[in-house]
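The next block holds one structure in the form of structure tokens; read it before the comments.
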Ligand code: ARG
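Residue numbers (my numbering): 1249 to 1821.
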């Protein structure tokens, strides 16, 4: 894939008499890259070779010298302490990277890993009885990035929203509406009115536990098909769906399938039949369960198919949805993006289906993520302390508008740019952290134009767009880039060459944060390049044309990467 890295690996593994895979695994960009473009750290080899790391490095460098001198791709090999440093032929390397980027065009970074295979991605899936809070953003933003990364790498993606339109929250809403709701007010303004009813119910229930029965009895009536309850429930679900779709419009998120839990409640008998046929369904206190075990054979919490009331469960509705998706899409991979508190659930679902002989369940994975707190306070909807996503987005846009007014008062379309930057800042903050980490969110931090933030990436991209605008001519895609010999240019090129590998890892680990950290590094190198070498004022026209190619390639990868994360890329800001 990268002939220069292959050459280093071949040369060093021959010199060290080590397997190529071991060398490839260890090869890295050295801490001081003035001495080497890539380096082999010898610490871990000390044990195997029974010599000290510095001695090993010296021996390998010496053994590799002749081969390096003969190689057109490599320029120099040298030991520095415990590292074997290798310098590449700079012009040849940069030329190779630039041609690879040019030839792949806007598809640069993809190696068509998906080969048209199908992946279904279940993400966002909010509970519609509750308002779209910032807590929902995590699944939405991470899932959307996983979707885009897969699609870019050649997967056929099916984005599924398995929204929650069933269960206790709806009982609470039904009760609150009938106890305190004002029909006309709710009809005129459903989302905020339902929200305040929901919050009131959860506040009052602490002092008045009898309210629980109000909610439970209505839920039972709903399950029994009571006309009044069904009609109200439909109204709530429709309002919730409309609201969710409005938010997805703001975020630019699209789903290929929009089916709620309620759509699968009717499949309960099929699910039960499957487990009964396999001899796995068992009565327990009136409920129907499937017993499950961990690797050591210890029993874990069972998977409940049917409650003692005879109704479907969150588990059975999910099982029905899995069977449906398998039939409908025959997926090669299915990813569930939910918070890590649901890890046990997915273990239960996968194991239950495996026991029933559904071997395709091996293709299902759970991509869990950590909790988000807002300035240290955990986000809870029920307590009314919830932070509405749209409020956060509005604030982010407003703050961005202020920054733009100060930094670039003459910017055309300032409002639209503020919108794009504000929203992307919030999205970036969400996807840039390692998925499983708990994160704490602060608007000031995520909007810092100089920090490791979305606005910083967008600013760098816009800066590069501005260079190209001021250049005012078409980029010469054939310009000879072998004239690029500066370290700053080498750093950018090396970073560009790493993009396909980063995407590959992000895809296989469902980890968009790899792309986020990568973009920060690329942006840092891009800004250094601009500060350290003259681009538009380069004297030699050949050098200028080559640098413009490098600028254009870098701008393109920044744009691709940000788009994959679900961000916007304004050309001016
Ligand atoms: N509605 C659930 C929640 O808000 C997430 C559903 C995830 N998807 C699924 N198929 N269970 O936590």
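Quick reminder that beta carbons are idealized off the backbone N, C-alpha and C, glycines included.
Contact with chain B by residue i, beta-carbon distance below 9 angstroms
i: residue 1774; result: This model lacks chain B altogether; it includes just one protein chain.
Any non-hydrogen atom of ligand 1 within 8 angstroms of residue i CB
i: residue 1412; result: yes
i: residue 1511; result: no
i: residue 1593; result: yes
i: residue 1586; result: yes
i: residue 1590; result: yes
i: residue 1381; result: no
i: residue 1375; result: yes
i: residue 1569; result: yes
i: residue 1392; result: no
i: residue 1560; result: no
i: residue 1384; result: yes
i: residue 1515; result: no
i: residue 1387; result: yes
i: residue 1566; result: yes
i: residue 1678; result: no
i: residue 1504; result: no
i: residue 1800; result: no
i: residue 1474; result: no
i: residue 1542; result: no
Bridge partner(s) assigned by DSSP for residue i
i: residue 1587; result: 1617
i: residue 1328; result: 1331
i: residue 1370; result: 1408 and 1584
i: residue 1612; result: 1582
i: residue 1286; result: 1334
i: residue 1506; result: 1409
i: residue 1554; result: 1536 and 1560
i: residue 1522; result: Partner(s): none; residue 1522 has no beta bridge.
i: residue 1198; result: In the structure as shown, the chain begins at 1249 and stops at 1821. Residue 1198 is therefore absent and cannot be evaluated.
i: residue 1688; result: 1621
i: residue 1381; result: 1636
i: residue 1276; result: 1287
i: residue 1844; result: Here the chain covers residues 1249 to 1821 and nothing more, so residue 1844 does not appear.
Residue i vs residue j beta-carbon contact at 9 angstroms
i: residue 1585; j: residue 1372; result: yes
i: residue 1617; j: residue 1580; result: no
i: residue 1475; j: residue 1410; result: no
i: residue 1314; j: residue 1332; result: no
i: residue 1597; j: residue 1519; result: no
i: residue 1801; j: residue 1345; result: yes
i: residue 1757; j: residue 1380; result: no
i: residue 1288; j: residue 1334; result: yes
i: residue 1393; j: residue 1760; result: yes
i: residue 1565; j: residue 1535; result: no
i: residue 1526; j: residue 1604; result: yes
Alpha carbon of residue i to alpha carbon of residue j, nearest angstrom
i: residue 1630; j: residue 1661; result: Residue placement at residue 1630 cannot be trusted, given a pLDDT of 48 that sits under 50; the coordinates are not used to answer.
i: residue 1397; j: residue 1751; result: 7 angstroms
i: residue 1341; j: residue 1494; result: 47 angstroms
i: residue 1250; j: residue 1742; result: 11 angstroms
i: residue 1556; j: residue 1532; result: 9 angstroms
i: residue 1277; j: residue 1264; result: 19 angstroms
i: residue 1337; j: residue 1732; result: 11 angstroms
i: residue 1818; j: residue 1718; result: 16 angstroms
i: residue 1466; j: residue 1426; result: 10 angstroms
i: residue 1589; j: residue 1595; result: 12 angstroms
i: residue 1567; j: residue 1542; result: 19 angstroms
i: residue 1693; j: residue 1647; result: 12 angstroms
i: residue 1486; j: residue 1375; result: 12 angstroms
i: residue 1268; j: residue 1292; result: 15 angstroms
i: residue 1521; j: residue 1515; result: 10 angstroms
i: residue 1323; j: residue 1282; result: 13 angstroms
i: residue 1389; j: residue 1814; result: 7 angstroms
i: residue 1775; j: residue 1254; result: 29 angstroms
i: residue 1735; j: residue 1582; result: 43 angstroms
Residue of the options minimising C-alpha distance to residue i
i: residue 1473; options: 1651, 1729, 1559 and 1346; result: 1559
i: residue 1356; options: 1812, 1364 and 1817; result: 1812
i: residue 1551; options: 1795, 1600, 1440 and 1798; result: 1600
i: residue 1378; options: 1329, 1253 and 1449; result: 1449
i: residue 1591; options: 1614, 1573 and 1655; result: 1614
i: residue 1286; options: 1437, 1267, 1257 and 1304; result: 1257
i: residue 1641; options: 1385, 1271, 1351 and 1292; result: 1385
i: residue 1668; options: 1649, 1656, 1370 and 1685; result: 1649
i: residue 1480; options: 1442, 1779 and 1514; result: 1442
i: residue 1353; options: 1781, 1400, 1367 and 1392; result: 1400
i: residue 1683; options: 1563, 1306 and 1754; result: 1754
i: residue 1408; options: 1574, 1679 and 1691; result: 1574
i: residue 1766; options: 1780, 1747 and 1784; result: 1747
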